[in-house]
Amino acid sequence: MRATRRSVMALAGGLLLIASNAMAAELVLFELAGCPWCTIWNRTIGPIYPKSEVGRRAPLRRVALGDGIPAGLTLKGPIRYTPTFVLVEEGREVDRIEGYSGEDFFWARIEALVGRRPPSP
0 MRATRRSVMA LAGGLLLIAS NAMAAELVLF ELAGCPWCTI WNRTIGPIYP
50 KSEVGRRAPL RRVALGDGIP AGLTLKGPIR YTPTFVLVEE GREVDRIEGY
100 SGEDFFWARI EALVGRRPPS P
């Protein structure tokens, strides 16, 4: 009986974690091989983004633009520029940043977008 009870509790906890992660915000980066601005972002921001408060609230998912839109992701419109950063919740676009024009602009913009969202679990 104890093993069954533990198994049920573990399963319930796992399902809650899956459900909460499904509703968590994420930042989807659409990039293109050879894009010079993508390269600059990857060199300057890429290594520190996951360590930032914003990066913890909206973890990064990379998508190669040539691979198309991932299943389960609904965008408000087409991706026309690279890099494009799409803030997503529950599989739907909330807002986006098109292009990269430097660290100061990126951090100010992403902090404003993510700062309005509740923290991810």
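In our numbering, the protein residues as written are 0 to 120.
Here a beta-carbon is modelled for each residue, glycine too, at the ideal position from N, C-alpha and C.
### Task
Using 10 angstroms around the beta-carbon of Glu102, count the other beta-carbons present and answer buried if the total reaches 16, otherwise exposed.
Exposed is the call here.
#### Entry: Ala111 versus Pro35: straight-line alpha-carbon distance, rounded
When rounded, the distance between both Cα atoms is 25 Å.
### Message
Here's a check: name, in chain order, each residue in its chain whose Cβ is nearer than 8 Å to the Cβ of Arg79, leaving out the five neighbours to either side.
### Response
For Arg79, where only same-chain residues beyond five positions count, the Cβ hits under 8 Å are Glu97.
### Cα-Cα separation between Pro58 and Asn41, rounded to whole angstroms
Between the alpha carbons of Pro58 and Asn41 lies a gap of roughly 15 Å.
### Query
What does Thr83 pair with, by DSSP beta-bridge criteria?
Paired residues: Phe29 and Glu97.
### Message
Can you look up Ala107 in the DSSP assignment and give me helix, strand or coil?
### Response
Ala107 falls in the helix class under three-state DSSP.
### Query
So is Arg61 buried or exposed if we call it buried at 16+ other beta carbons inside 10 Å?
In this structure Arg61 is exposed. Its beta-carbon is surrounded by fewer than 16 other beta-carbon atoms within 10 angstroms.
### Query
Should Val7 go down as buried or exposed, given a rule of 16 or more other Cβ atoms within 10 Å for buried?
Per-residue confidence for Val7 stands at a pLDDT of 37, beneath the threshold of 50, marking its modelled position as unreliable; the derived number appears in the next sentence. When all chains shown are included, Val7 counts as exposed.
### Message
If the criterion is Cβ atoms closer than 7 Å, does the pair Thr81 and Cys37 meet it?
### Response
Contact flag set, yes.
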